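Here's the structure, in structure tokens; my notes come after.
2 protein chains.
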Amino acid sequence: MSIRIGIMGYGNLGRGVECAVHQNPDMELTAIFTRRAPSSLHPLTPNVPVYSAGDAQLHKDEVDVLILCGGSATDLPVQTPEFAQWFAVVDSFDNHAHIPEHFAAVDAACRRSGTVAVISVGWDPGLFSLARTYAASILPHGKGYTFWGKGVSQGHSDAIRRVEGVQDARQYTVPVPAAMDAVRSGSGPELTTRQKHTRECYVVLKEGADPARVEREIKEMPNYFADYDTTVHFISAEEMARNHAALPHGGSVLHSGRTGWEEEHGQVVEFSLHLDSNPEFTSSVLVAYARAAYRMKQAGEQGCRTVFDVPVSLISSKTPEELRASML
Amino acid sequence: MSIRIGIMGYGNLGRGVECAVHQNPDMELTAIFTRRAPSSLHPLTPNVPVYSAGDAQLHKDEVDVLILCGGSATDLPVQTPEFAQWFAVVDSFDNHAHIPEHFAAVDAACRRSGTVAVISVGWDPGLFSLARTYAASILPHGKGYTFWGKGVSQGHSDAIRRVEGVQDARQYTVPVPAAMDAVRSGSGPELTTRQKHTRECYVVLKEGADPARVEREIKEMPNYFADYDTTVHFISAEEMARNHAALPHGGSVLHSGRTGWEEEHGQVVEFSLHLDSNPEFTSSVLVAYARAAYRMKQAGEQGCRTVFDVPVSLISSKTPEELRASML
């Protein structure tokens, strides 16, 4: 029997989940929930029912695992505990500083209702967190580094769009190759924010806006740009549409440690992603962890989990025997 | 209270385990077992007792987890099931084709005695197996590749040493950069054995041996060299000692997948290791999984496990709360 997946929220991430479910023969998409008018959605999956988000509870028996595809700022802090009342849920909550309180809220909801949840699933948090933890556990005398990009940062793009005179913007975070090479060499360098990443901005101006002022306001923006070497390129709306519509991303987790009685040997662990589509990759991770949520639910588990608590055997479609014979 | 670690077998791997335990403040080395005369060993750890391997059973209450540091060819198939009678055990059994039968033997021993074991721990099998499985589970429409090196292959070095006229040899497995780049590009290439790796051999000849014959015999050796582009360098014993004493290794697991309804986006996952000391890194992985074995034993678990079954939270010295707050 297939694992019946429901999607809550049908934006980039929800559509990515739909595509990923389509690639996994042990799953089927049985419901999409939306806050928009259900009839306004045009799912890719033939005949999948679309329901109003407010009616989700009525359809809980049609879904084994509900994947929450809302945003971390305002949607998930409310939705994940709410829907954990009725469903096994998986979310991609990515506000690192607020993960402990989100975990506590979701865990409490799960314990009350006897359900299971996996939160903060994706690549960072998610696979990058796993890479950091595997490496740090194995090489305790070492130092970890995370580099992001080259890729589009939605948060930084949005920040530029709020500058007066900006019509549209796309910000790429770019890791500094020399910094990554220094880490790979095993020298364990201390790196400042500025040494690790540069920021490249592509900006479409509104008519009459002053490019010098816009550029200055971007480059001086605290937190977002002031601590980085930032480049601003002014382009036309046509060029934006033609060359900057995709959402590539990726990055690398590096851990440089030393072993031996006198710590005479350097050991470097590196985990990298090169993604043509950031939301579709995140969605693919969510769907794999939905399989784990399903299995934990079947096993009667209750409470909130993160990627740290889930063995990889639970996200694989292979049986333990198949895994040992073919992947070990 | 510290986790009390025992080491069975005090070669490169055993000494590496000793060094790794030394780096983990929640552990202490409480026993070394050897088949040699105990008094002939000179451990690095002050005052650690050295016992005869045959007496291990008598010391089972001094050890929480026994790490088996023998070879996969003849030691571990016997030792792991044997010592699982009395100890929680961890081994690095790396004969991929025989893992299912080794698992079955160890699991049966554990079930009979109520103990827990983790087998095939290291980097391949081990971390590379994890990387392959995470990536394949997340990107089911994709293809995995494993590249090894640049590093010393002990098996291939031994094979050369068996050629008549060879006094000493060191064989480096070298991944082909163009092949790795082709995979990273997302094109999903079909690669032959010859296209993925080359083999570089450094050979010290016995006096009077014919270099042309030795080179030919190496290059034509089936399984080991015949399917590869192999280079043979003849060097002096002094050069061997000076430049080829270390045991570096490493490699990369790459997985290239496609996502989207029409599979329009390429996604590449890469996991790489750059190791100055292959045995010390493997030892460090063993020690981290000894922590997991200890915790599973404390939780009353029984039976054989692999890295696929062990969530990363169990190998970390941090608490789940610390992990969520600092690593997620």
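Sequence order for the protein chains is A and B.
The numbering of the first sequence is this note's numbering, which starts it at 1114 and goes up by one.
The numbering of the second sequence is this note's numbering, which starts it at 1114 and goes up by one.
We treat Cβ as the ideally placed atom computed from N, Cα and C, and that holds for glycine.
Treat the numbers as computed from the prediction; the structure is a model and nothing was measured.
### Message
Contact defined as beta carbons within less than 8 angstroms: I believe B:Ala1295 pairs with B:Pro1302. What is the distance between those atoms, to the nearest angstrom?
### Response
5 angstroms
### Alpha carbon of B:Leu1243 to alpha carbon of B:Phe1421, nearest angstrom
7 angstroms
### Query
For the candidate residues B:Pro1253, B:Arg1329, B:Val1316, whose alpha-carbon lies nearest to that of B:Ile1348?
B:Val1316
### Element boundaries [beta strand (DSSP E), containing B:Lys1256]
1255-1261
### Query
In its own chain, which residues sit with a C-beta less than 8 angstroms from the C-beta of B:Tyr1402, not counting the 5 before and 5 after it?
Val1203, Val1231, Val1234, Val1420, Val1423, Ile1428
### Positions along the segment 1415-1426 of chain A whose CB lies within less than 7 angstroms of some CB in chain B
Thr1419, Phe1421, Asp1422, Val1423, Pro1424, Val1425, Ser1426
### Message
Taking the alpha carbon of B:Ala1337 as the reference point, which residue from B:Glu1377, B:Tyr1285, B:Arg1371 has its own alpha carbon closest?
### Response
Sequence inspection shows Tyr at residue 1337 of chain B; the Ala mentioned does not correspond to that position. The shortest C-alpha separation from B:Tyr1337 is found at B:Tyr1285.
### Message
To be precise: take each residue of the segment 1389-1406 of chain B, compare its Cβ to all Cβ atoms of chain A, and keep it if any distance is under 7 angstroms. Which residues remain?
### Response
Answer in chain order: Asp1389, Ser1390, Glu1393, Phe1394, Ser1397, Val1398, Ala1401.
### Task
Closer than 8 angstroms, Cβ to Cβ, to anything on chain A: give me those residues from the segment 1292-1309 of chain B, in chain order.
Arg1297, Gly1299
### Query
Would you say A:Gly1363 and A:Leu1399 are within 7 angstroms of each other, going by their C-beta atoms?
no
### Task
Could you work out which residue in A:Gly1373, A:Gln1415, A:Asp1177, A:Asp1237 is closest to B:His1135 when comparing CA atoms only?
A:Gly1373
### Message
If the cut-off is 8 angstroms on Cβ atoms, which residues from the segment 1188-1214 of chain B count as contacting chain A, listed in chain order?
### Response
His1209, Ile1212, Pro1213
### Query
What residues from chain B crowd round A:Met1440, counting only those whose CB sits closer than 8 angstroms?
Ser1242, Arg1245, Thr1246, Ala1249, Phe1421
### Task
Compare the C-beta of B:Leu1318 against all C-beta atoms of chain A and say whether one is closer than 7 angstroms.
no
### Query
From what residue to what residue does the alpha helix (DSSP H) around B:Phe1384 run?
Element bounds for B:Phe1384: not the alpha helix (DSSP H) but the beta strand (DSSP E), 1378-1388.
### Message
For B:Val1188, report the span of its alpha helix (DSSP H) as first-last.
### Response
Position check: residue 1188 of chain B holds Asp in this sequence, whereas Val was assumed. Segment 1188-1196, the alpha helix (DSSP H) holding B:Asp1188.
### Message
Would B:Trp1374 pass as an interface residue toward chain A - the criterion being a Cβ-Cβ separation below 7 angstroms?
### Response
Judged by the 7 angstroms Cβ criterion, B:Trp1374 is in contact with chain A.
#### Entry: Contact set between A:His1172 and chain B, taken where Cβ atoms lie within less than 7 angstroms
Contacts between A:His1172 and chain B, judged by CB atoms closer than 7 angstroms, are missing: the closest CB pair is about 24 angstroms apart.
### Query
Can you name the start and end residues of the beta strand (DSSP E) that B:Phe1347 belongs to?
1342-1347
### Query
Does the separation of the CB atoms of A:Leu1181 and A:Gln1192 fall below 7 angstroms?
yes
#### Entry: Under 7 angstroms between C-beta atoms of B:Pro1361 and B:Leu1126
no
### Query
At what residue ranges does the segment 1273-1349 of chain B contain a whole run of the beta strand (DSSP E), taking only runs of 3 or more?
Given a length threshold of 3 residues, each whole run of the beta strand (DSSP E) inside the segment 1273-1349 of chain B is given here in chain order: 1279-1288, 1310-1318, 1342-1347.
### Message
Suppose only complete runs of 3+ residues qualify. What are the beta strand (DSSP E) ranges in the segment 1133-1201 of chain B, listed by chain order?
### Response
1140-1147, 1163-1165, 1178-1181
### Task
Show which residues of chain C have a CB atom less than 7 angstroms away from the CB atom of B:His1378.
Within the model displayed, chain C is absent; protein chains A and B are what it includes.
### Message
Below 8 angstroms on the Cβ atoms is my contact criterion, and I expect B:Trp1199 with B:Ala1169 to pass it. Report the Cβ-Cβ distance as a whole number of Å.
### Response
7 angstroms
### Task
With DSSP as the reference, please indicate the residues paired to B:Arg1437 in a beta bridge.
Partner(s): none; B:Arg1437 has no beta bridge.
### Message
Do A:Arg1274 and A:Ala1282 count as a contact pair if the criterion is CB distance below 7 angstroms?
### Response
yes
### Contiguous beta strand (DSSP E) assignments of at least 3 residues, all confined to the segment 1197-1236 of chain A
1201-1203, 1229-1231
### Message
Mapping the DSSP letters down to three states, classify B:Met1114 as helix, strand or coil.
### Response
coil
### Task
Name the one or two DSSP bridge partners that A:Ile1120 has.
A:Ile1145, A:Ile1180
### Query
Quick one: is A:Asp1237 buried, meaning 16 or more other Cβ sit within 10 Å of its Cβ, or exposed?
buried
### Message
Using 8 angstroms as the cut-off, can you tell me whether the segment 1325-1341 of chain B makes contact with the segment 1258-1273 of chain B, which would need three or more C-beta pairs spanning the two stretches below that distance?
### Response
Here the segment 1325-1341 of chain B makes contact with the segment 1258-1273 of chain B; the two share three or more CB pairs at distances below 8 angstroms.
### Query
Hey, does A:Pro1290 have any beta-carbon neighbour from chain B nearer than 7 angstroms?
Closer than 7 angstroms: no.
### Where the segment 1135-1160 of chain B meets chain A: residues whose CB sits under 8 angstroms from a CB there
His1135, Gln1136, Asn1137, Leu1157
### Message
Determine whether the beta carbon atoms of A:Gly1370 and A:His1254 lie at a separation below 7 angstroms.
### Response
yes
### Message
Which residue marks the beginning of the alpha helix (DSSP H) containing A:Leu1243, and which one marks its end?
### Response
1240-1251
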